[in-house]
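Chemist: Pasting a structure here, questions to come.
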Amino acid sequence: MPINGKINFAIVLLMALSVSGWAQNSSSSVNDTLPAAVKTSDRFGLKTIHRPIETKLLDNVVSVAGFGDAVSIVKRLPGVSSGLDGTSSYYVRGGTMSGNITTLDGVRLYGSGHLLGLTTSYNPRSFSLTEFQAGGFSADIGNITSSHLRLESKSSLADTLSASFSVSNFMVEASAEAPVIKDRLTLSGVLRVSPIKAEYELARLFAPQLGNANAAVYDLFLKASYQTAKHKKFYLSIFNSHDKYSFSSATESLETLGWSNIIVNFWHPFEIGNRWNGKASLSFNNFSNNQGQQKTLSENKNILSAGGRLIEVDAKSSFYSPLGRRGQVTLGADLTYSRYSIETSCDYSDTGLLFLRNSKTSFLSHTVTGALFSDLMFRKLNKYEISLAGRVNYYSCITEKGTKYGHFAPEGSFSARVMLLPQMGIEATADYRVQYGHTLEGMPMGWSVDLLVPSDAECPPESSLQFYAGVFSNIGNHHLKIGAYHKSQNNLIYYADASHLFSSSPSVWKDYVKIGTGISKGVEFSYDKEGKKLEYSLTYTLSKTDRKFNSLNDGNVFPAKFDRRHILNANISYTILSRERLSLRVNSAFTYQSGHHETVPSAEYPGVLLAGESIELDYFTTINNYTMPAYIRWDVGCQMNFSTSKRIEHSLGLGVFNVLNRHNPSFVTFDTDSRKWQAVSLFPVFPSVNYTLYIR
Amino acid sequence: MTVSCVETLDISTGEDLPVVLNCVLQETDSQTVNLHYAKRKSDKSYLPVGSAVIHLMESDSIVATFTESDEYTWTTDFRPEYGKEYTIKAETGDGTVLTATTRFPDDITVDQYWKRIFINNELFVTYSFELRVYDRSYVHYAPYGEGPYLGKCNMWIFPYKRNYSPVHDVGFAEYIGTTHPNADKFNVVGKTYMDFPFYVKYINSRESVKRNEVGWIPLLDIDFPIFKKFVHINHPASFNNGKKWASDDPYYSNSSIFLIADFDSSPPPRPENPAELPEAWIVPGGRGLYRFFFVSDEYDLYLRDTYKLYMNRDNNILTIYENNNLYSNVANGLGVFGAVVQRLNKSAGSGYAD
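As you go down the protein sequences, you meet chains A and B in turn.
Position in the first sequence (from 1) plus 458 gives the number in the numbering used here.
Position in the second sequence (from 1) plus 1326 gives the number in the numbering used here.
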């Protein structure tokens, strides 16, 4: 059965664990060594333009990975379409996956997928503030066209030593925070390591027919917070995530993929006089990824590989000050140097793997982006809040061959919320944003193996123009919101012929990048009820997202791959017991999403080759011409927290992912033996358990 | 609890099946058209179109009419003329009218020159080729080319070992290299001529041999790519190989292209069925041969798409991405209407090829 090798890899690795009954947990906990999230944008007591993601919401997430993360909450929000089942990929208001950016304390995180895309590389324990923006972007972040997931670590100093230890089926985690110098220096760190390799080997004891697999997955976040006697603060953090997988089967094939991140970030908040505050930061970012295949075909060993590396150094400084009684102004500058390198190879030889002599081809570019930005905000409590964000960028790119490209672009965002009645208001956002980094997207599974390429004359910067308007209401603990958006995108890239990615011909990949446009429009609805015992929410999105590329699909419009017409999410949690030393809560989540689109051939016909060879050719009518069956999933979970002493607390989570055991197809494949189409689903019913020990 | 993750899915996009027309004009007295509907991937056989009227036209004048041989095949007795443009028009019983146009390639000759060299008592040869328009009035044997050089053309060059059998698809040399700057890179491999078996013998030979033997000039130009199985070249109208070492020496003139292949002296497997031997291309001597296909522009575009797919056919990591239609010049249908002229250089020697 010709299933894609990478998918096959994931299926074997993950399903093996599922079959062998390995459990997962259902949540992380509020009571970690780094405190829970705080609401920052809920200024009207209503979650509106910017969505704060509270840590307690993560407790209600039942995921394949066994624990919730910010992305699993983002996927429940209106306007967000999920990627493939159980993975961390998502699409916001018809944007691209690469248009979604995640920042860790202001530093852009590339390749956030983790554990085969089942979760994200940033540990929710490491970040005390998580906020999601789908519009009305602030000016300090550039190079964004779709959404911004902002993660910020705790900034206060610790008073006492605390630690935690957590075990789930896919992760083992340890965290600690200690006041090294009381009121001066705090060190904290969280390390997660996946035991997936050991679990897989255990699964092979029950299923010896499984192939050999190897996996190394971990992430680490270390932070030093220092405060001088005069309350000047300095922060230094190191983030490292690593994913590396290989799988070999009896068919003499070896699949490899991997990616890693190293981020070093130093920042210093400061005050200037009585009115001005500021923040200066310097960061280093090193992201690399690769994928490869070694397979014996026709007695030849075929070695294909593709990989990339992005090294980025960013210096940023911003200042903010009150402006009148109700305003605030922010001014800042941002300078980023990026070094993009792409390495591809295609070799047919008998030894080695990945980047052999004479087989490697590299594409190297250097870019510098300078930006000046400013935010203006005016607000009157319970009356209005208006924000204006402006940013001017100058981007320059020079390739290894000396090709130069420069681009000047202003960007702007506007957001406003006005209360018309005590319980009702209107809100609107408008954004024009530019993105200089493209992603040659491969499989939409949240794996971070897509190649990053810079903008240049042939791949001009991507831009998006987006409008949103709606009404919201806040009656007691009940929050209602409905709005509509329209988003147009220019210079989207479509990698029309990914098979050339592996060619060792210099820059040949560029010949197959197509430039096009996108339009997305939709209506978003959300309703949620907060409460001490009972909480529930309902979100619904009706949307349509199209793409148009002059050199694809005969120039006709076609639906985006994850253009899901209807997206419905319902969540409920109920606290059964809430005592000082014991709490118990149950939760449930239901999702219905129209199926995504696949491109399947409508027919096949014979090809006429030279020298007597023959081949069957596929005939495609349009891109994304087949709509997959609807995605339906119901999850249930429960969370129990209890303490056995003043300093010892425990958290136990149980959950079942996909209670209905519905086989939601992720993609289709054609079985040439039976001559039938087959749907491949990744995750059937999936139980979970998680345990965390807190020491304070 | 079932954990099955692969289930049969009924996919019907509800789209009409297009008609497929495949016709490649040859230098023969009979031409063939294959005409039928495309089939669903779940079907086992093609659906015939039933009756069809197929004409071959030149400048709106019908020059040949095809007659039905079987439910998929139509033939006609017609020999195309070099350099002429032909249009095919096929009207099926359901009223579908398919049309396509192509130009029959020029009458081409491939002049082949070679040098031989003994290294450690073993014979090695290297070749240069000149492409010329055939001058059929030129009756006597030419030691090397006469007449005009060939203009723009599309070449597909396959290297074969000895005893190539098209029946069994055996005898292909694995790799071919060229110094031609227009070589298409899509099937380039991460190899150099240094990976070829003979290079070891060459590199171990005496310095005087390496320095003095003009026959190894291509090997001294190390910066040329190696291709798997064949090389595709869009030869320009006016070609100059641009190599410093080239001269007006007919053996290595500025108009020459150079080819090198990993010919192996070990004989390939022969057809198991002796009855198939007459169909085999038996090379009477030498270490191998080059087979040149000169194709029309339309067929060239089609072949490039198709061979790219063919070369990747077993790599599902690549074919999973393939969801683009291949080139077709057939209006209202699929397939290709093209033309091909073949030349086979059987052995090391100069003169007109087959």
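By construction, the Cβ of each residue, glycine as well, lies at the ideal position given by its N, Cα and C atoms.
On a predicted model such as this, the values are computed, not experimentally measured, just so you know.
Listed from N- to C-terminal order along the chain, which residues in the region 1125-1139 of chain A have their beta-carbon within a distance smaller than 7 Å of any beta-carbon of chain B?
Modeler: The region 1125-1139 of chain A vs chain B, Cβ under 7 Å: V1126, F1128, R1133, K1134, W1135, Q1136, A1137, V1138, S1139.
Chemist: Taking only beta-carbon positions, decide if G541 (chain A) is within less than 8 Å of chain B.
Modeler: For G541 (chain A), the answer is no, since every Cβ of chain B falls outside 8 Å of its Cβ.
Chemist: Out of curiosity, what's the CA-to-CA distance linking L504 (chain A) and S984 (chain A)?
Modeler: Confidence in L504 (chain A) is poor, its pLDDT being 34 and thus under 50, which makes the residue's placement unreliable; the coordinate value appears in the next sentence. Approximately 12 Å, taken between the alpha carbons.
Chemist: Count the other CB atoms, across all protein chains shown, that sit within 10 Å of the CB of R1005 (chain A); report buried if there are 16 or more and exposed otherwise.
Modeler: Counting Cβ neighbours within 10 Å, R1005 (chain A) comes out buried, since at least 16 surround it.
Chemist: Taking a contact to mean a Cβ-Cβ separation below 8 Å, would you say Y1032 (chain A) touches V1044 (chain A) in this structure?
Modeler: Their beta carbons are under 8 Å apart, which means Y1032 (chain A) touches V1044 (chain A) by this criterion.
Chemist: Please say whether K968 (chain A) and E916 (chain A) have beta carbons closer to each other than 8 Å?
Modeler: In contact: E916 (chain A) and K968 (chain A) (Cβ atoms closer than 8 Å).
Chemist: Is there a Cβ of chain B sitting closer than 8 Å to that of S579 (chain A), yes or no?
Modeler: Not an interface residue.
Chemist: Might you give, ordered along the chain, the residues of its own chain that have their beta carbon closer than 6 Å to the beta carbon of V520 (chain A), omitting 5 neighbours on each side?
Modeler: Hits under 6 Å: S484, D1093, G1095, G1113, F1115.
Chemist: Please compile the residues from chain B whose C-beta is within a distance smaller than 8 Å of the C-beta of I1081 (chain A).
Modeler: Per Cβ cutoff of 8 Å: N1649.
Chemist: Rounded to a whole number of angstroms, what is the C-alpha to C-alpha distance between K497 (chain A) and L923 (chain A)?
Modeler: Residue placement at K497 (chain A) is poorly supported in this model, since its pLDDT is 31, which falls under 50; the coordinates still yield a value, given next. C-alpha separation (whole angstroms): 28 Å.
Chemist: Just to confirm, are F1654 (chain B) and F1430 (chain B) a CB contact at a threshold of 8 Å?
Modeler: It is worth fixing the name first, because residue 1654 (chain B) is Ser in this sequence and not Phe. Against a cut-off of 8 Å, the Cβ pair of F1430 (chain B) and S1654 (chain B) comes out as no contact.
Chemist: Is the Cβ-Cβ distance between T603 (chain A) and Q893 (chain A) less than 8 Å?
Modeler: Taking 8 Å as the Cβ cut-off, T603 (chain A) and Q893 (chain A) qualify as a contacting pair.
Chemist: Could you spell out where the alpha helix (DSSP H) holding F1550 (chain B) opens and where it closes?
Modeler: Neither: F1550 (chain B) is in no alpha helix (DSSP H) and is coded neither H nor E.
Chemist: Who does S1109 (chain A) pair with in a DSSP beta bridge?
Modeler: S1109 (chain A) pairs with A:N1099, A:T1150.
Chemist: Apart from the five residues on each side of it in sequence, which residues of its chain come closer than 6 Å, Cβ to Cβ, to V1117 (chain A)?
Modeler: So the qualifying residues of the chain are W1092, V1094.
Chemist: Apart from the five residues just before and just after Y1077 (chain A), which ones in its own chain have a Cβ nearer than 8 Å to its Cβ?
Modeler: Only P1059, S1060, A1061, E1062, Y1063 meet the Cβ criterion.
Chemist: Could you check how far apart the C-beta atoms of A528 (chain A) and P582 (chain A) are, in whole angstroms? I think they sit under 8 Å.
Modeler: About 6 Å; that satisfies the 8 Å criterion.
Chemist: Does any CB atom of chain A fall closer than 8 Å to the CB of E1333 (chain B)?
Modeler: Yes, E1333 (chain B) lies at the interface with chain A (some Cβ there is under 8 Å from its Cβ).
Chemist: Under a Cβ-count criterion, where at least 16 other Cβ atoms within 10 Å of its own Cβ denotes burial, should Q667 (chain A) be classed as buried or exposed?
Modeler: Answer is exposed; the Cβ neighbour count stays below 16.
Chemist: Which runs of the beta strand (DSSP E) spanning at least 3 residues fall entirely within the region 939-1024 of chain A, listed in chain order?
Modeler: With a minimum length of 3 residues, the continuous beta strand (DSSP E) runs that stay inside the region 939-1024 of chain A are 971-987, 992-1007.
Chemist: Go through its chain and collect everything with a Cβ distance to H1506 (chain B)'s Cβ below 6 Å, but skip five positions before and after it.
Modeler: Same-chain partners within the cutoff: I1559, I1583.
Chemist: Under the three-state reduction of DSSP, which class applies to A773 (chain A): helix, strand or coil?
Modeler: Strand.
Chemist: Note down, in chain order, all residues in the region 1058-1073 of chain A with a beta-carbon under 8 Å from any beta-carbon belonging to chain B.
Modeler: Within the region 1058-1073 of chain A, the qualifying residues are V1058, P1059, S1060, A1061, E1062, Y1063, P1064, G1065, V1066, L1067, L1068, A1069, G1070, E1071, I1073.
Chemist: DSSP on V1375 (chain B), reduced to helix/strand/coil?
Modeler: In the structure shown, V1375 (chain B) sits in coil (DSSP, three-state: anything other than H, G, I, E or B).
Chemist: Determine, for A954 (chain A), whether the minimum Cβ-Cβ distance to residues of chain C falls below 8 Å.
Modeler: No chain C appears in this structure, whose protein chains are A and B.
Chemist: What separation, rounded to the nearest whole angstrom, lies between the Cα atoms of A888 (chain A) and L740 (chain A)?
Modeler: For A888 (chain A) and L740 (chain A), the distance between alpha carbons rounds to 30 Å.
Chemist: Using 8 Å as the threshold, is the C-beta distance between Q752 (chain A) and A764 (chain A) below it?
Modeler: Going by C-beta atoms, Q752 (chain A) is not nearer than 8 Å to A764 (chain A).
Chemist: With the cut-off set at 8 Å, would you say Y443 (chain A) and S596 (chain A) are in Cβ contact?
Modeler: As displayed, chain A neither begins before 459 nor continues past 1154, which places residue 443 (chain A) out of reach and without an answer.
Chemist: Given this structure, state the Cα-to-Cα distance separating G870 (chain A) from Y795 (chain A), to the nearest angstrom.
Modeler: Roughly 22 Å separates the two Cα atoms.
Chemist: List, in chain order, every chain B residue whose beta-carbon is nearer than 8 Å to that of F1078 (chain A).
Modeler: By Cβ distance, chain B contributes N1649, N1650, N1651.
Chemist: Can you check DSSP and say which residues form a bridge with T686 (chain A)?
Modeler: DSSP output for T686 (chain A) lists no bridge partner at all.
Chemist: How long is the line joining the alpha carbons of R1617 (chain B) and D1631 (chain B), rounded to whole angstroms?
Modeler: Approximately 20 Å between the Cα atoms of the pair.
Chemist: If you draw a straight line from the alpha carbon of D1336 (chain B) to that of A1137 (chain A), how long is it in whole angstroms?
Modeler: Their backbone Cα atoms lie some 9 Å apart in a straight line.
Chemist: Rounded to whole angstroms, what's the CA-CA distance from F628 (chain A) to Y1089 (chain A)? Just pull it up for me.
Modeler: Roughly 24 Å separates the two Cα atoms.
Chemist: Quick one: what does DSSP say L1627 (chain B) is sitting in, helix, strand or coil?
Modeler: Correct three-state label for L1627 (chain B): helix.
Chemist: Say whether chain A places a C-beta atom closer than 8 Å to the C-beta of I1337 (chain B).
Modeler: True, the Cβ-Cβ gap to chain A drops below 8 Å.
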